[in-house]
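*Asks:* Note that the protein sequences, when read in sequence, are chains A, B, C and D.
When we follow this note's numbering, the leftmost residue of the first sequence carries the number 5, and every step to the right adds one.
When we follow this note's numbering, the leftmost residue of the second sequence carries the number 1156, and every step to the right adds one.
When we follow this note's numbering, the leftmost residue of the third sequence carries the number 11, and every step to the right adds one.
When we follow this note's numbering, the leftmost residue of the fourth sequence carries the number 1270, and every step to the right adds one.
Quick one: structure below, then a few questions.
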Amino acid sequence: METIQTDVAIVGAGGAGLRAAIALAEADPGLSITLLSKVYPMRSHTCAAEGGAAGVIKPDDSLDQHFSDTVGGGDWLCDQDAVELFINEAPRELTRLEHWGCPWSRETDGSVAVRPFGGMKIKRTWFAADKSGFHILHTLFQTSLKYPAIKRLDEVFTTDLIVVDGKVQGCCAIEMRTGQMIQVQAKAVILCSGGGGRMFPFTTNGAIKTGDGMAMAYRAGVPLKDMEFVQYHPTGLPSTGILLTEGCRGEGGVLRNKDGYRYLQDYGMGPESPLGEPVLKTMELGPRDRLSQAFWHEQQKGNTIQTQWGDCVYLDLRHLGEAKINERLPFVRDLAKSYSGVDMVTDMVPIRPVVHYMMGGIHTDITAATPLPGLFAAGECACVSINGANRLGSNSLTELLVFGRRAAESAVAYIKDSGVSVDGAAANREATAVEARIRALFDRPEGDETTAGLRQEMFDTMEGGAGIYRDEASLTATTAKLAELRQRWQTLSVRDKSAVFNTDVMQVLELGAMLDLAETVASSALERKESRGSHQRLDHTERDDTRYLKHSMASYRGETAPPAIDYLDVTITKSQPGVRDYSGAKS
Amino acid sequence: MSRKPFVRPVPATTWYMRNGRYLRYMAREVSSLFIGLYMAGLAMGLMRLAQGPDAWNAYLTALSSPLALVFHVLAFAFATYHATTWFNATPKAMRIRWGDGYVPGPTVVRAHYALWGLVSLVILVLVGVI
Amino acid sequence: MSERTIELEILRYNPATDEAPWYQTYTVPCQEEWVVLDAINYVKDHLDSSLSYRWSCHMAVCGSCGMMINGEPMLSCKAFLRDFGRKIRVEPLSHFPIERDLVVVLDDFMEKLPRVKPYIVRDQEKPIEEGEYKQKPFELYEFKQYSMCINCMLCYAACPQYGLNSEFIGPAALALAHRYNKDSRDEGRDQREEITAAHDGIWECSFVGACSEVCPKAVDPAGAIQQMKLASTMDWYLERLGGVGARVKRSLSSRRTSK
Amino acid sequence: MAKSNKPIVWGLFAVGGTVAAFCVPALILAHGLLVPLGVFGENALSYERVSAVIGFLPVKIVVLGVVILTLWHAAHRIRVTMHDFGIRKDDMVAMLCYGAAGLLTATALLGVMAV
């Protein structure tokens, strides 16, 4: 086994990981930085984000307004100290990205342009047409090439954290091209490994988003926070789950049911705004949870269109005209045309809610530190938590930057303050045990179970029992099914025994991670007997602040047991829980 | 080390047989042989002109030989092909600003074709008159 | 839901057991609206879990799944079955060593990319407190197209000059250099020219144009390279004009850079 | 790494390619085909007329411009084409191509100036 020694290891080279790496390189040029990623950085799923990144820069906007939009959007489950820090830092981070070359769309006077976004009372979403995440990722990746201190290990699949005496001292990984195990001994590890939307069948998430990092931290004893909050994006293409950005609605697109009726006005988001003149924070500019839930109700009423890929409603952009669509939404126009055969200039696009984002994740405090010394986390894999029960669109790209950098700074402070040194011999023992565990996968007798088969069963139970609406019965069935699937995973064998670029073993490990996480999602959802944000219970339809104004914390209890669910108070500084109002009735 | 990346060799002399795109490219490149030979002939002709009427007339006679005619038919075809590929590619290499964008490629190409027609007409008329 | 069956002929290569690559044919039941990647995923899930390939986003933006499909470099997530017949041949991208099956070795590009300094280079950094650089719509337009590259490597697989001489910096890296050269915030063109205008840079390009034809994002690397040749040629002559040339060159570049 | 010196010839190649595209097809058609085939009559391109026309300095300059630029365009592209055909002795090919272009340039110059 190859051993690499480094000061800080970062797992994941998407937006958060790259931002953290650059921050480390800038903090101290003498620091050795190892950036591990299971794909080349530019393949990271940040590239698929379309709409934009929120940050207050315009004179008509205020930090307070961004704060209250975010906290209300999160149904008061956000930690308000974290939100405040996030919002204060956002404009600086976005400006820094501008200095690094990000091709933000502009006003005619050359200043950065902003667009309206769901749940935001004021236009504050910076965007690069409809490829904001792509440009952010490539700007960060290309900028990272300036820093020789950043040593990248591309296509290296991290499997486990190395924990010695209650401190994280590195991680173990499989080098895909050789199949060899690597141990990266580090004084601190930052997880930036993304979400796990792939545990659901219909998702905007790429194949790589299997929550490996979350599962790794979970198995190492770090609680996963608020895992029941899974965001459905209201406008995905039905056949593939491809994302049509919220920018579509930001620019004035509307949702219609099978009768052409703008149904959102029936779900507390009216009155109907005039076509082409969207009113901020109402109707189609409501938050994602409400829009996806409204879809479900329309479906129950039989107002959706039946397609071969299930029920859909229409996204109507025809009134925007070709010129505006080409300027602001060229990518999604092409996507809809190619994958659904619909030109949004002339026709309405059938869409449906698809799993998009996990508000929950690795429990961190406001400094991006986890309870496990030496372990930090940022980005979708982490839960700091600024997104609460429902993330507002365009907050997550900014989150990558703000907390990616913060995790790096915290890691540096941790190394300096604690004077931590790596216990090489102990780390090596841990790594050897991990290697044995991975090798054992190859030795399992070949049975009937297949990765694809187990995965499909996971899809079915997650979609059926832990979707937009849940109840006691569905969640109980899902948790039971997931417990069974985790058992059966133990007998799943790796059929491909070869070393080089073995994606078979990778898929087995990814499925294992997803099953662990799926169980935390379902168990947390089962225990939360209320409806809040993206977590909606048919049997507990109201928000219950007396019992559940709390973060749920799922802790690992071994390969066969379900997680222990515990609760942690939400930090409230200046905004007491109130009514989420998207009717446009008051300011 | 379990790696053993397999390198597929690219045949140095016949690579362009792989697809039509490459063959079209080679046809464009080969046009230079014909254009070059034609111009070499023209340069020689100019020298013959300087040498007096007899030399010039011998040159004109040589031009009417079947071999010369066949060559010129081919050269004409390749030169025309060169011209079309050249004009079609011009907007890629040379962009002309127009307001907040560039003159659209097809417009640039069409302008080139128009000018080409004009220049060709002038040349034909001049040679015809002389 | 209409179904059809296709014959997927996939180039296989396992370095542990194979001396050379070979073709394996799979019969795949497909949905009409599938892309080639969906069919390959079907093989992986249901027929042969040992097949190795890269993919992620399934929406033509991550750049992972470039392959030769019936001899043409394409993103397999955007190669629709409806555009092909019953038999489809899938091979790894040309001009790259095969690591395994459809996975190629990308070290060469990853080593070249940093050499062209694909980031903003400035003599003096502007403090964050001073806010953003202003960039007029035309200034954005000038480089935007070249910033759309997803590094999918289709252009390298299409470029015969790269196939013949792998020292060539190649289309995507050069287009990215051009992207930063054309950015009004950048002052690094002279530094990049050390690489781009050297022997293995733009002058290895013979303007076949295949890179631009196969580019899934309409980046037009061929156009970028010709523009760089033109600019580099102007530089060469201006540099030899002495003081006058230097002045012209300076005024040309200072017009571009926002201070 | 040293910058390439290809810009010297590339400038000539690019300008020559444009000149060739505009002029050469019509030139070949007229002078290589229509005149020899007698389309323009027996006396087309007679020595007297041609030498009289080329006697004018502006005409000399235009004719030389077209011929010389086109020659260098062709020379440079032939060099690249040889490489594409698998001939890898680039230095020698370049010497031959540019040498020939130089010789022919001199020939055209001498010829035209002597008229």
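Note that CB positions come from ideal geometry on N, CA and C, so glycine has one too.
The structure displayed is predicted, hence computed values, not measured ones.
Compare the beta carbon distance of C/Ile-108 and B/Phe-1161 with 8 Å and say whether it is the shorter of the two.
*Replies:* Walking along the third sequence from the start, residue 108 of chain C turns up at place 98. Walking along the second sequence from the start, residue 1161 of chain B turns up at place 6. Their beta carbons are under 8 Å apart, which means C/Ile-108 touches B/Phe-1161 by this criterion.
*Asks:* How would you list, in chain order, the residues of chain D whose beta-carbon sits under 9 Å from the beta-carbon of C/Glu-203?
*Replies:* Walking along the third sequence from the start, residue 203 of chain C turns up at place 193. Contact annotation for C/Glu-203 against chain D: Lys-1272 [CB-CB distance below 9 Å, chain order].
*Asks:* Between B/Met-1202 and chain D, is any beta-carbon pair separated by less than 8 Å?
*Replies:* Position 47 of the second sequence, counted from the start, is the residue given in the question as residue 1202 of chain B. It does: the Cβ of B/Met-1202 has a partner Cβ on chain D nearer than 8 Å.
*Asks:* Please check the pair A/Val-43 and A/Ile-212, which I expect to be a contact at CB under 8 Å, by giving their CB distance rounded to whole angstroms.
*Replies:* Within the first sequence, the letter at position 39 stands for residue 43 of chain A. Within the first sequence, the letter at position 208 stands for residue 212 of chain A. Correct: roughly 6 Å between the Cβ atoms.
*Asks:* Can you tell which of A/Asp-230, A/Glu-384, A/Val-388 has the C-alpha that lies nearest to the C-alpha of A/Ile-593?
*Replies:* With chain A covering 5 to 591 only, the question about residue 593 of chain A has no answer from this structure.
*Asks:* Could you name the residues of the same chain whose beta carbon sits closer than 8 Å to that of B/Phe-1286, not counting the 5 residues immediately before and after it, in chain order?
*Replies:* Residue 1286 of chain B is absent from the structure shown; chain B starts at 1156 and stops at 1285.
*Asks:* Of the residues A/Asp-11, A/Ala-437, A/Lys-554, which one's Cα is nearest the Cα of A/Lys-420?
*Replies:* For the purposes of this step, residue 420 of chain A is taken as residue 416 along the first sequence, with counting starting at 1. Considering only alpha carbons, the answer is A/Asp-11.
*Asks:* Any C-beta of chain D within less than 8 Å: which residues of the stretch 141-158 of chain C qualify?
*Replies:* none
*Asks:* Helix or strand or just coil, what does DSSP make of A/Trp-80?
*Replies:* Start at 1 with the first residue of the first sequence, and residue 80 of chain A comes out as number 76. It is coil, neither helix nor strand.
*Asks:* May I ask whether a heavy atom of the ligand HEM can be found less than 7 Å away from the beta carbon of C/Pro-147?
*Replies:* Looking for the ligand HEM in the displayed structure turns up nothing, as the structure carries no ligands at all.
*Asks:* So, do the stretch 20-35 of chain A and the stretch 395-409 of chain A have three or more beta carbon pairs nearer to each other than 8 Å?
*Replies:* yes
*Asks:* What separation, rounded to the nearest whole angstrom, lies between the Cα atoms of C/Arg-189 and B/Tyr-1180?
*Replies:* As a first step, residue 189 of chain C is located in the third sequence; it is residue number 179 there, counting from the start. As a first step, residue 1180 of chain B is located in the second sequence; it is residue number 25 there, counting from the start. If I take the Cα positions, the gap works out to 26 Å.
*Asks:* I want to know whether the stretch 142-159 of chain A touches the stretch 124-131 of chain C - three or more CB-CB distances under 8 Å.
*Replies:* Three or more Cβ pairs closer than 8 Å define a contact, and the stretch 142-159 of chain A meets that threshold against the stretch 124-131 of chain C.
*Asks:* Compute the beta-carbon to beta-carbon distance between A/Asp-451 and A/Thr-495, rounded to the nearest angstrom, for a pair I have assumed lies under 8 Å.
*Replies:* Position 447 of the first sequence holds residue 451 of chain A. Position 491 of the first sequence holds residue 495 of chain A. Note that residue 451 of chain A is Gly in the sequence shown, not Asp. Between A/Thr-495 and A/Gly-451 the Cβ distance is about 5 Å, and since that is below 8 Å, they are a contact.
*Asks:* When you compare only the Cα positions, how much space is there between A/Ala-430 and A/Val-168?
*Replies:* The count along the first sequence starts at 1 and reaches residue 430 of chain A at position 426. The count along the first sequence starts at 1 and reaches residue 168 of chain A at position 164. Computed Cα separation, rounded: 7 Å.
*Asks:* What is the residue span of the beta strand (DSSP E) that A/Gly-619 lies within?
*Replies:* Residue numbering for chain A in the displayed model covers 5 to 591; residue 619 of chain A lies beyond these limits and cannot be assessed.
*Asks:* To the nearest angstrom, report how far apart A/Ile-186 and A/Val-193 are at their CA atoms.
*Replies:* Counting from 1 along the first sequence, the entry for residue 186 of chain A is found at position 182. Counting from 1 along the first sequence, the entry for residue 193 of chain A is found at position 189. About 15 Å.
*Asks:* With distances taken from CA atoms, which of A/Glu-439, A/Lys-485, A/His-139 is nearest A/Gly-183?
*Replies:* By 1-based counting over the first sequence, the position of residue 183 of chain A is 179. Nearest of A/Glu-439, A/Lys-485, A/His-139 to A/Gly-183, Cα basis: A/Glu-439.
*Asks:* For the stretch 1270-1336 of chain D, which segments carrying the alpha helix (DSSP H) assignment without a break, of at least 4 residues, lie completely within its bounds, in sequence order?
*Replies:* 1275-1296, 1316-1323
*Asks:* Leaving aside the five residues before and after B/Ala-1234 along the sequence, list all residues of the same chain whose C-beta is less than 7 Å from its C-beta, in chain order.
*Replies:* Position 79 of the second sequence, counting from 1, holds the residue named residue 1234 of chain B. Cβ neighbours of B/Ala-1234 beyond the five flanking positions: Ser-1186, Phe-1189, Ile-1190.
*Asks:* Quick check on this structure: which residue in D/Val-1349, D/Val-1381, D/Leu-1373 has the alpha carbon closest to the alpha carbon of D/Phe-1282?
*Replies:* On the fourth sequence, residue 1282 of chain D is found 13 positions in, with the first residue counted as 1. Closest option to D/Phe-1282, Cα to Cα, is D/Val-1349.
*Asks:* Under 8 Å between the Cβ atoms of A/Gly-200 and A/Phe-121?
*Replies:* Numbered from 1 along the first sequence, position 196 holds the residue referred to as residue 200 of chain A. Numbered from 1 along the first sequence, position 117 holds the residue referred to as residue 121 of chain A. No, they are not a contact pair.
*Asks:* When the distance is taken between beta carbons, is C/Gln-236 closer than 8 Å to B/Lys-1247?
*Replies:* Along the second sequence, read from residue 1 onward, the residue named residue 1247 of chain B stands at position 92. Along the third sequence, read from residue 1 onward, the residue named residue 236 of chain C stands at position 226. Yes, the pair counts as a contact, with Cβ atoms nearer than the cut-off.
*Asks:* Can you confirm whether the stretch 557-575 of chain A touches the stretch 105-116 of chain A when touching is taken to mean that 3 or more C-beta pairs between the two stretches lie within less than 8 Å?
*Replies:* no
*Asks:* What residue range does the alpha helix (DSSP H) around A/His-360 cover?
*Replies:* Reading the first sequence from its first residue, position 356 is the one you call residue 360 of chain A. That residue, A/His-360, is in no alpha helix (DSSP H); its beta strand (DSSP E) goes 353-362.
*Asks:* Counting pairs of Cβ atoms below 8 Å between the stretch 1323-1342 of chain D and the stretch 1160-1179 of chain B, do you hit three or more?
*Replies:* no
*Asks:* Name the one or two DSSP bridge partners that A/Arg-380 has.
*Replies:* Position 376 of the first sequence, counted from the first residue, corresponds to residue 380 of chain A. The sequence given here has Phe at residue 380 of chain A, not Arg. Beta-bridge partners of A/Phe-380 (DSSP): A/Ile-194, A/Ala-373.
*Asks:* Excluding sequence positions up to five away, which residues of its chain have a Cβ less than 6 Å from the Cβ of C/Ser-74?
*Replies:* Translated into the one-based positions of the third sequence, residue 74 of chain C becomes position 64. Contacts found: Arg-64, Trp-65, Ser-66.
*Asks:* Straight-line CA distance for A/Arg-395 to A/Leu-530?
*Replies:* Start at 1 with the first residue of the first sequence, and residue 395 of chain A comes out as number 391. Start at 1 with the first residue of the first sequence, and residue 530 of chain A comes out as number 526. One C-alpha to the other measures close to 21 Å.
*Asks:* Out of C/Leu-251, C/Ala-207, C/Val-229, which has the shortest C-alpha to C-alpha gap to C/Met-238?
*Replies:* Here residue 238 of chain C is taken as the residue at index 228 of the third sequence, counted from 1. The shortest C-alpha separation from C/Met-238 is found at C/Ala-207.
*Asks:* Am I right that A/Thr-2 and A/Ala-58 are in contact with their C-beta atoms under 8 Å? What's the rounded C-beta distance?
*Replies:* Outside the shown range of chain A, which is 5 to 591, sits residue 2 of chain A, and nothing can be said about it.
*Asks:* Between which two residues does the beta strand (DSSP E) harbouring A/Val-15 extend?
*Replies:* Here residue 15 of chain A refers to the residue found at position 11 of the first sequence. A/Val-15 -> beta strand (DSSP E) spans 6-15.
*Asks:* DSSP three-state label for A/Gln-303, please.
*Replies:* As a position in the first sequence, residue 303 of chain A is number 299, starting the count at 1. If DSSP states are grouped into helix, strand and coil, A/Gln-303 belongs with the helices.
*Asks:* Would you say C/Ser-216 faces chain D, with C-beta separation under 8 Å as the test?
*Replies:* By 1-based counting over the third sequence, the position of residue 216 of chain C is 206. It does: the Cβ of C/Ser-216 has a partner Cβ on chain D nearer than 8 Å.
*Asks:* Use the C-beta contact count for A/Asn-506: other C-beta atoms within 10 angstroms, 16 or more gives buried, fewer gives exposed.
*Replies:* Counting from 1 along the first sequence, the entry for residue 506 of chain A is found at position 502. A/Asn-506 comes out buried.
*Asks:* I want to verify the contact list: residues of chain D whose CB lies under 8 Å from the CB of C/Lys-136, in sequence order.
*Replies:* By 1-based counting over the third sequence, the position of residue 136 of chain C is 126. Residues of chain D passing the Cβ test: none, with the nearest at roughly 30 Å.
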